[in-house]
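Here numbering that gives the first Met the number 0 is used: the first residue of the sequence shown is 0, the next is one more, and so on.
Backbone N, C-alpha and C fix where the C-beta goes; we use that ideal spot for every residue, glycine too.
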Amino acid sequence: MPSGSPSKLMSELGRRGPYRVLRGDLGIAGMRGQVFSPESGTKLPAIAVGHTWMADSESYRDLLYHFASWGFVTVAPDANGGFFASDVGLAGDLRAALDIVAHVPLGHGAVTVDPARLGFIGHGFGSAAAVMAAADQPLRGHAAPNVAGVVAVFPAPTTSALLPAAALVQAPGLIVAGAGELDTMESNALPLAQAYGGDVVLRTVPRGNPRDLLERRTVKSLVGMNGSDRALHAIVRAACTGYLLHTVAGDKDYAGFADPSASVGKLSTVDLTDPPPQPVDAVSHLFGAKPRKRRLRKR
Numbered sequence: 000m001p002s003g004s005p006s007k008l009m010s011e012l013g014r015r016g017p018y019r020v021l022r023g024d025l026g027i028a029g030m031r032g033q034v035f036s037p038e039s040g041t042k043l044p045a046i047a048v049g050h051t052w053m054a055d056s057e058s059y060r061d062l063l064y065h066f067a068s069w070g071f072v073t074v075a076p077d078a079n080g081g082f083f084a085s086d087v088g089l090a091g092d093l094r095a096a097l098d099i100v101a102h103v104p105l106g107h108g109a110v111t112v113d114p115a116r117l118g119f120i121g122h123g124f125g126s127a128a129a130v131m132a133a134a135d136q137p138l139r140g141h142a143a144p145n146v147a148g149v150v151a152v153f154p155a156p157t158t159s160a161l162l163p164a165a166a167l168v169q170a171p172g173l174i175v176a177g178a179g180e181l182d183t184m185e186s187n188a189l190p191l192a193q194a195y196g197g198d199v200v201l202r203t204v205p206r207g208n209p210r211d212l213l214e215r216r217t218v219k220s221l222v223g224m225n226g227s228d229r230a231l232h233a234i235v236r237a238a239c240t241g242y243l244l245h246t247v248a249g250d251k252d253y254a255g256f257a258d259p260s261a262s263v264g265k266l267s268t269v270d271l272t273d274p275p276p277q278p279v280d281a282v283s284h285l286f287g288a289k290p291r292k293r294r295l296r297k298r
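Here it is, written out as structure tokens:
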């Protein structure tokens with residue numbers, strides 16, 4: 000059983016969980032993508048994971064495995080991975096993929112999902128899709144699911160449909176962004192949090208690039224190095240796992256991960272009513288400008 004504050008639980012949640020994991024292919028259900036699940040279990044929580052722009056589920060294989068090792072049936076569709084990807088299209092795919100695992104027994108019938116314990120998580124472009132998928136409105140023929148939790152990691156601006164959809168989300172949400180990148184040409188973490196309809200927590204990591212979360216399959220993968228930034232990967236997977244265990248899985252022992260006043264490792268919480276000023280304007284940030292250093296005046 001977990002004990003202690005979220006900060007003390009971060010190192011534990013950054014490691015693989017207690018469940019043995021099975022991997023499957025969504026192709027059997029007519030959809031490209033992957034599904035990871037515990038080896039057995041009934042009425043398990045399930046999450047659908049949205050990829051960032053120009054990526055697919057292979058870029059998150061270790062992360063998907065990690066969530067499954069902590070008891071989540073984890074599904075990741077691969078559609079809308081091209082240059083002209085659609086956030087609404089990926090949102091519909093997330094709903095469809097989650098609907099599949101919620102109503103079809105997995106692992107030769109040894110694994111079933113609880114339709115009342117469902118969640119969405121997205122990265123970058125996929126964060127917009129995750130929020131849209133969780134909105135309380137029909138989407139491409141798919142009714143709004145009963146969502147228990149939403150996570151947006153390094154969210155990126157997409158289309159004008161995003162913020163109105165965010166206002167229709169009733170499930171609690173966690174948004175993770177880079178410090179100093181709350182509202183830029185590449186990040187809309189602050190506007191997304193302020194538009195969000197349900198209870199939301201906006202936390203920042205001290206440093207890290209959104210692309211550092213992507214995994215790359217190389218020779219080094221054979222010795223456990225997946226090509227992502229290991230420190231950033233550990234922080235994100237631990238914070239997200241704790242949040243999802245509380246909101247989606249319903250484990251009260253992890254309630255601190257959804258508490259804005261709680262300390263969660265190296266993550267900082269942003270006050271949405273009084274956010275910190277941006278160090279540089281959005282356009283300058285896009286071109287890599289650095290904040291000016293203040294010079295101390297000599298007396």
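### Message
Relative to the C-alpha of E214, which candidate in M184, H232, T268, P190 has its C-alpha closest?
### Response
Considering only alpha carbons, the answer is H232.
### Query
Would you report the Cα separation of L62 and P275, rounded to the nearest angstrom?
When rounded, the distance between both Cα atoms is 30 angstroms.
### Message
Does T203 come out as helix, strand or coil in the three-state DSSP assignment?
### Response
In the structure shown, T203 sits in a strand (DSSP, three-state: E or B).
### Query
Taking all protein chains shown into account, do 16 or more other C-beta atoms lie within 10 angstroms of the C-beta of T246, making it buried, or fewer, making it exposed?
T246 counts as buried, since no fewer than 16 other beta carbons sit within 10 angstroms of its beta carbon.
### Query
Hey, out of D86, A188, G197, A194, whose CA is closest to V204's CA?
Looking at D86, A188, G197, A194, the one whose alpha-carbon comes closest to that of V204 is A188.
#### Entry: A28 versus V146: straight-line alpha-carbon distance, rounded
Cα to Cα, the separation comes out at about 22 angstroms.
### Task
Tell me F119's beta-bridge partners as DSSP assigns them.
Bridge partners of F119: A47, V149.
### Query
What are the uninterrupted segments assigned as beta strand (DSSP E) that are 3 or more residues long and contained completely in the segment 148–190, given in chain order?
Fully enclosed beta strand (DSSP E) runs of 3 or longer: 172–177.
### Message
Helix, strand or coil, according to DSSP, for T73 in the structure here?
### Response
It is a strand residue.
### Message
To the nearest angstrom, how far is the alpha carbon of S6 from that of S262?
### Response
So the two alpha carbons sit approximately 6 angstroms from each other.
### G40 beta carbon less than 8 angstroms from that of V110
G40 sits close to V110, with the two beta carbons spaced by under 8 angstroms.
### Query
Quick one, which of V149, P259, T73 has its alpha-carbon nearest S126's?
Comparing Cα positions, the closest option is V149.
### Message
Going by C-alpha to C-alpha distance, which of G108, P163, V74 sits closest to A96?
### Response
Closest by alpha carbon: V74.
### Message
Please state the DSSP three-state secondary structure of P144.
### Response
Looking at P144 - three-state DSSP - the assignment turns out to be coil, as it is neither helix nor strand.
### Query
Can you check whether the CB of A84 is closer than 8 angstroms to the CB of W52?
The answer is yes: Cβ separation under 8 angstroms.
### Query
Should the segment 12–29 be regarded as contacting the segment 115–123, the criterion being three or more beta carbon pairs within less than 8 angstroms?
Judged by pairs of C-beta atoms under 8 angstroms, the segment 12–29 does not touch the segment 115–123, as fewer than three such pairs exist.
### Per-residue DSSP class, three states only, for S56
Reduced to three states, the DSSP call for S56 is helix.
### Query
Start and end of the alpha helix (DSSP H) containing S10?
Taken as a continuous stretch (DSSP letters only), the alpha helix (DSSP H) holding S10 covers 5–12.
### Message
If distances are taken between C-alpha atoms only, which option among K42, R94, Y59 comes closest to G70?
### Response
Minimum Cα-Cα distance from G70 among the listed residues K42, R94, Y59 corresponds to K42.
#### Entry: 8 angstroms Cβ cutoff met for V100 and V48
V100 is not a Cβ neighbour of V48, given a cutoff of 8 angstroms.
### Query
If we call anything under 8 angstroms between Cβ atoms a contact, is V130 one with A115?
At least 8 angstroms separates the beta-carbon of V130 from that of A115.
### Query
Which residue comes first and which comes last in the alpha helix (DSSP H) that contains F299?
No information on residue 299 is available, as it lies outside the stretch 0 to 298 that the chain covers here.
### Query
Is the beta carbon of H50 sitting closer than 8 angstroms to the one on S58?
Yes; because the gap between Cβ atoms is below 8 angstroms, this pair is in contact.
### Message
According to DSSP, is F82 part of a helix, a strand, or is it coil?
### Response
In the three-state reduction of the DSSP assignment, F82 falls in the coil class.
### Message
Are the CB atoms of V72 and L105 within a distance shorter than 8 angstroms?
### Response
Against a cut-off of 8 angstroms, the Cβ pair of V72 and L105 comes out as a contact.
### Message
In this structure, how does DSSP classify R22 when only helix, strand and coil are distinguished?
### Response
R22 falls in the strand class under three-state DSSP.
### Message
Helix, strand or coil, according to DSSP, for G16 in the structure here?
### Response
Collapsing the DSSP output to three states places G16 in coil.
### Task
Give me the Cα-Cα distance between G207 and T183, rounded to the nearest whole angstrom.
The straight-line gap from Cα to Cα measures roughly 15 angstroms.
#### Entry: Helix, strand or coil at Q193 [DSSP, three-state]
Helix.
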